[in-house]
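Only one structure is covered here, and it is reproduced in the block below.
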Amino acid sequence: MADTGIVIQFARKTAFGNPYVEPIAGVFIAPFRQKTFVIDRAWESGTTDDSQYTVDDRPLAIFPSLPGMSWELKKTPEFRTSIQTAVSGREQRGAFRAYPVWRFTLLFDWLRSGNLPHEYEELQGFFLMHRGSFTPFLFLDPTDSVCVDMPFGKGNDIQAQFQLTRSFGFNTSFSFAEPIENLKSMTAIKLDGQLLSAPSDYTVSETGLVSFTVPPASKSIVTWSGTFYYRCRFAEDTADFARTLPNLWELRELAFIGAPGNRI
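If you count by this note's numbering, then the sequence shown holds residues 523 to 786, one letter each, in order.
Written out as structure tokens, the structure is:
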């Protein structure tokens, strides 16, 4: 039988901080007698057929914090409501979302390329690595990621498990609470202001479910302090990078949608 060799697909890396490997047209037939060669794959469970890419079980990547990001961050809560209006003008309304989907819009005034620290390559690589809007990632919102003594439950002598939440306006007469399921860090849990200890008094799951060893007493208030992520995906499959100088780029708008919950 003839020694036909094996087929190798050429590829290139397009980023440094977030490596993305892109196939290059053409193949190379390596003879079996060749001692060594290198194959670099971007997705261990993927294939060369784009239609067969699937999300794997690796930890979600965290959106990079880059110095060129403008302070003009936009953040928009989006609900979805169905409204049917009768001839009389009366309306029937139905709400399809108990919690909003948050739309973020970031602006990058400058992204350096070619020399360290490679901000352009890092952001471009991050976008390519997630294949546009296909794969979710985590985002640490600089305006809303920290909770300090945030109430998330009231005891009743029976309930021993409480989901972490973040409330807007909890110290006013107008309040809205969302579940926190992408926990970054937990610094304290208190019961009526008294600091509790883990794991003797409570445990916290990966999705922010707090289980108390003893159910909190009736009318007692449980609070937590810590930081959390938004789970997001890019809103579009394209990103318009523009070069302004030989080693300087800008990105006037990068939109993604997300939620503090663990599904998007």
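Don't be surprised by glycine CBs; every beta carbon is placed ideally from N, CA and C.
Distance cut-off 6 Å: residue 693 Cβ against heavy atoms of the ligand ADP: As far as ligands go, the structure on display features none, and thus does not contain the ligand ADP.
Cut-off 6 Å between Cβ atoms - residues of its own chain near residue 675, not counting five sequence neighbours on either side: 684, 744
Neighbourhood of residue 598 by C-beta, 6 Å cutoff - its chain only, sequence neighbours within 5 removed: 625
Own chain, CB closer than 6 Å to residue 649, minus 5 neighbours either side, in chain order: 761
7 Å Cβ cutoff met for residue 750 and residue 705: yes
Status (buried if at least 16 other CB within 10 Å, exposed otherwise) for residue 602: exposed
DSSP beta-bridge partners of residue 765: 771
Alpha-carbon to alpha-carbon, residue 630 and residue 673: 35 Å
Rounded C-alpha distance that separates residue 725 from residue 737: 13 Å
Contiguous beta strand (DSSP E) assignments of at least 3 residues, all confined to the stretch 704 to 736: 705 to 713, 724 to 726, 731 to 734
Environment of residue 785 [buried if 16+ CB atoms lie within 10 Å]: exposed
First through last residue of the beta strand (DSSP E) which encompasses residue 613: 613 to 617
Sub-7 Å separation of residue 661 and residue 754 beta-carbons: yes
Of the listed residues 605, 632, 586, 678, nearest to residue 592 (C-alpha basis): 632
Opposing strand residues paired with residue 701 [DSSP bridges]: 687
Distance between residue 667 and residue 682 (C-alpha atoms, nearest Å): 26 Å
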